[in-house]
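Read the structure below first, then the notes.
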Amino acid sequence: MKNSFYKKEKLLIATNIISVTITFLLLGGLAFVIAFTQTGIRKLEEQAQITIFFEDAYPESSILNLANELENDPQVSNVNYVSKEEAYSIFTDLNKDEPVLLESITPDILPASLEIKTKKLADMNDISERLSNMDGVEEIKFYKDVIERFTFWTNVSYAVGIALVSLFLIVSYAIILITLRINIGYIGKELEILKLVGASDAYIKNPLVKQGVSLGLISAFISGALLLSFALIVQFAHLINTNIKFGFIPEIEIALPIFALIINFVLVASGAALGYIGSVSAIQKYINH
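Here UniProt numbering is used: position 232 in the sequence shown is 232, and no number is missing along the way.
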């Protein structure tokens, strides 16, 4: 009978370690997806720009004054002035294989322009609307529809990500709670005897709390090791040749293995916390009952 109980207990613990490990793997994987999404957003923010074309009669000094004003704008990260001559040079480089077209184009035909990069994609529309009614502005170009759609789906991904993280944490907590309650059910009579002979609540609770914390820690270590292995393979195979970047902390870049180590730490801390909270909740309810 005792051997049968221990076999059942070991099988239950192994099953639940696998279940919690899978849940933590999904949680860590989701963190990677969010990080890669944020990195993509940062790269798009670094590359996307607004191009303002000016009328031929608009003075170069006025364009340069506007460029200076924009450089001091908190929404703007970079401003580049492209003169008529520079525009012609760019045009000839792009169309060097079409001499007939080049013969019909002179520097005077091409407009001067400002290339503006913003710190956030969401600021592009605001800058564009602000400058569209200025004197001397002939045309403003930027991929408004693409950026708006990208921003929308980015916000959706954040909302879904937060919801899934919350769900996975709840599932992990529930698995630990159920595991300990089943275990308590197996050894319920032993616990009753301990209470009858005067054992303190702490004496009864400590082994079960250790079991709950161990369940969370072991699962977190296994999932963390798998995620770190994935990060190292991706890094050394050069599948992703960029550091992790976050839109809300643009000054910081994190190497992929370092990011994986941070996720490991978070998973281990979460595993220990969930194991402790789940075990205390399960045991306290039994003791009170």
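Positions of the beta carbon are idealized from the N, C-alpha and C atoms, including for glycine. Note that the structure is predicted; figures quoted are calculated from it, not measured.
Original post:
Distance, Cα to Cα, P142 vs T51?
Top reply: Checking the displayed sequence, the identity of residue 142 turns out to be Phe instead of Pro. The straight-line gap from Cα to Cα measures roughly 7 Å.
**OP:** Within the UniProt domain "ABC3 transporter permease C-terminal" (163-277), note down every full alpha helix (DSSP H) run reaching 4 residues or more, in order along the chain.
**Re:** 188-196, 201-236
Original post:
Does the Cβ of G216 have 16 or more other Cβ atoms within 10 Å, making it buried, or fewer, making it exposed?
Top reply: buried
Subject >> D108 versus K84: straight-line alpha-carbon distance, rounded >> reply: 7 Å
Original post:
Can you give, in chain order, each stretch of the beta strand (DSSP E) that sits fully within the UniProt domain "FtsX extracellular" (49-140) and has at least 3 residues?
Top reply: 50-54, 76-82, 113-118
Original post:
By Cβ distance, which residues of its chain are closer than 7 Å to V165, with the 5 residues on each side in sequence left out?
Top reply: L27, L30
Original post:
Taking buried to mean at least 16 other C-beta atoms within 10 Å of its own C-beta, is M124 buried or exposed?
Top reply: M124 counts as buried, since no fewer than 16 other beta carbons sit within 10 angstroms of its beta carbon.
Original post:
How about the region 251-259 and the region 150-158: do they share at least three Cβ pairs that are nearer than 8 Å?
Top reply: no
**OP:** Take E138 and list the residues in its own chain whose beta-carbon comes closer than 7 Å to its own, dropping the five residues that flank it on each side.
**Re:** F53, F54, E55, P111
Original post:
Around the C-beta of K245, are 16 or more other C-beta atoms found within 10 angstroms, so that it is buried, or is it exposed?
Top reply: buried
**OP:** Taking only the alpha-carbon atoms, compute the straight-line gap between K10 and V266 and give it to the nearest angstrom.
**Re:** Their Cα atoms are separated by approximately 27 Å.
Subject >> Outcome for L94 when other beta-carbon atoms lying within 10 angstroms are tallied against a minimum of 16 >> reply: exposed
Original post:
So what does DSSP say about Y143, is it helix, strand or coil?
Top reply: coil
**OP:** Flag this pair as touching only if the region 76-90 and the region 113-127 have three or more C-beta atom pairs under 8 Å; answer yes or no.
**Re:** yes
Original post:
Per the contact definition of three or more C-beta pairs closer than 8 Å, is the region 214-230 in contact with the region 189-204?
Top reply: no
Subject >> Spatially closest choice to N206 from E192, L232, S279, by CA coordinates >> reply: The shortest Cα separation from N206 among E192, L232, S279 belongs to S279.
Original post:
Does the Cβ of Y203 have 16 or more other Cβ atoms within 10 Å, making it buried, or fewer, making it exposed?
Top reply: Per the 10 Å Cβ criterion, exposed.
Original post:
Roughly how many angstroms lie between the CA atoms of F91 and L169, to the nearest whole one?
Top reply: The straight-line gap from Cα to Cα measures roughly 55 Å.
Original post:
Taking buried to mean at least 16 other C-beta atoms within 10 Å of its own C-beta, is A282 buried or exposed?
Top reply: buried
Subject >> Close-in-space but distant-in-sequence residues of the same chain around T242 (CB under 8 Å, 5 per side omitted) >> reply: Hits under 8 Å: T39, K43.
Original post:
Roughly how many whole angstroms lie between the Cα atoms of Q284 and T21?
Top reply: 25 Å
Original post:
So, are the CB atoms of L274 and S128 less than 7 Å apart?
Top reply: Annotated as distal: L274 and S128, with beta-carbon spacing of 7 Å or more.
Subject >> Among L121, L66, Y276, the one whose alpha carbon lies nearest that of V209 >> reply: Y276
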